[in-house]
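Asks: One structure follows; several queries about it will come next.
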Amino acid sequence: MIRRSYLKYPIIKYGIVGLLGTGIHVGVLVLLVELFAIPAVTATTIGFIVTLLVSYVLNRNWTFEPTGEGSRTQFLKYLLVCTCGLLLNAALMYVTIHWIGWSYLIGEVLTTIIVPVHNYIWNRYWIFSVPQQRQKEVS
Numbered sequence: 001m002i003r004r005s006y007l008k009y010p011i012i013k014y015g016i017v018g019l020l021g022t023g024i025h026v027g028v029l030v031l032l033v034e035l036f037a038i039p040a041v042t043a044t045t046i047g048f049i050v051t052l053l054v055s056y057v058l059n060r061n062w063t064f065e066p067t068g069e070g071s072r073t074q075f076l077k078y079l080l081v082c083t084c085g086l087l088l089n090a091a092l093m094y095v096t097i098h099w100i101g102w103s104y105l106i107g108e109v110l111t112t113i114i115v116p117v118h119n120y121i122w123n124r125y126w127i128f129s130v131p132q133q134r135q136k137e138v139s
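If you number the sequence shown the way the UniProt record's numbering does, the last residue is 139 and the count never jumps.
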């Protein structure tokens, strides 16, 4: 069980949101591939978009400290970063499935490791960053 004191760290909260997002993403991926015979690259893209919406709300309201920046501006930045993550996700899936010939599930494991690191860095230091003046006031 996660101790409450650990929840003060954004990286822990981000990890929890990420695990939830991963569950949603993989669930949508497998559901679409196995039940509806949708190609894996398309299915992972749809899963990524569903996860984007859920994770934005959770990260904005729970993971990161409010920055005072408007939610529209933040969402547009978040959308930009996640779109880059989506392109990275789709490229990694395409390479693992079509170039290397691995299962789509192996491709998903790789994207689950690489894309969240990319997104966290951008989320923490650009989208949800606390301006320097406010950091000094809080300290």
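Virtual Cβ for every residue (Gly too), placed ideally from N, Cα, C.
Determine the closest residue to Leu87 out of Ser129, Asn119 and Leu20, with distance taken between C-alpha atoms.
Replies: Nearest option by C-alpha distance: Asn119.
Asks: What does the alpha-carbon distance come out to for the pair Glu65 and Leu76?
Replies: Between Glu65 and Leu76, the C-alpha separation is close to 18 Å.
Asks: Could you tell me the distance, in whole angstroms, from the CA atom of Ile127 to the CA atom of Leu20?
Replies: Going from the Cα of Ile127 to the Cα of Leu20 covers about 20 Å.
Asks: Determine the closest residue to Ser103 out of Ala40, Gly15 and Leu31, with distance taken between C-alpha atoms.
Replies: Among Ala40, Gly15 and Leu31, the Cα nearest to that of Ser103 belongs to Ala40.
Asks: With distance defined between alpha-carbon atoms, name the residue in Gly107, Thr83, Val81 and Leu80 nearest to Leu92.
Replies: Of the listed residues, the one whose Cα sits closest to Leu92 is Gly107.
Asks: Quick check: Trp122 and Val95, are their CB atoms within less than 9 Å of each other?
Replies: No.
Asks: For Val26, which of Tyr56, Thr73 and Thr42 has the nearest alpha-carbon?
Replies: Out of Tyr56, Thr73 and Thr42, Thr42 has the C-alpha closest to the C-alpha of Val26.
Asks: According to DSSP, simplified to helix, strand and coil, what is Trp62?
Replies: Trp62: helix per DSSP, three-state reduction.
Asks: Quick check: what's the CA-CA separation for Tyr9 versus Thr111?
Replies: Those two C-alpha atoms are separated by around 24 Å.
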